[in-house]
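S.K.: Under the UniProt record's numbering, residues 1 to 106 are what the sequence shown spells out, in order.
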Amino acid sequence: MLIVTSENIANHKIIETKGPVFGITVRARGVGKDIVASFKGLLGGEISQYTEMLEDARKQAIDRMVENARLMGANAVTMMRFDSGEIGQNMSEIIAYGTAVVVEEA
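1. On the DSSP bridge list, what partners appear for residue 142?
2. Can residue 23 and residue 90 be called in contact, C-beta distance under 8 Å?
3. If we call anything under 8 Å between Cβ atoms a contact, is residue 79 one with residue 7?
4. Since residue 100 and residue 74 should fall inside the 8 Å C-beta cutoff, what is the C-beta to C-beta distance between them, to a whole number of angstroms?
5. Does the beta-carbon distance from residue 92 to residue 27 come in below 8 Å?
Quick look at the structure:
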């Protein structure tokens, strides 16, 4: 599955647009990670526990988006983007979205 953030794919022609496609995941921070993050927040610097959690969430959101695009009959996703938000005080949602298309090599 080709995934690009651009409207077009180099050396490919879009022959059919299937429509919008997305993948979503919601992650909750654990109490242990919050405590460790609070201490690191006092000292400054990267909070690797949250970075790892968000990287995993983005990968899962992309995987779900790709599966949805396949179910639609697409072989590529254009204009792929991420969005995120918070649900409550300790949950984050990550959404990967784009346009599912069928492409062929030009």
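We put the beta carbon where it would ideally sit given N, CA and C, even for glycine.
M.R.: Straight from the coordinates:
1. As displayed, the chain neither begins before 1 nor continues past 106, which places residue 142 out of reach and without an answer.
2. In the sequence shown, the residue the question calls residue 23 occupies position 23. In the sequence shown, the residue the question calls residue 90 occupies position 90. Contact flag unset, no.
3. Taking the sequence shown and counting its residues from 1, the one referred to as residue 79 is at position 79. Taking the sequence shown and counting its residues from 1, the one referred to as residue 7 is at position 7. The answer is yes: Cβ separation under 8 Å.
4. Stepping through the sequence shown from its first residue, residue 100 is reached at position 100. Stepping through the sequence shown from its first residue, residue 74 is reached at position 74. That pair is a contact at about 4 Å.
5. As a working note, residue 92 is residue 92 in the sequence shown. As a working note, residue 27 is residue 27 in the sequence shown. For the 8 Å CB-CB criterion, residue 92 and residue 27 form a contact.
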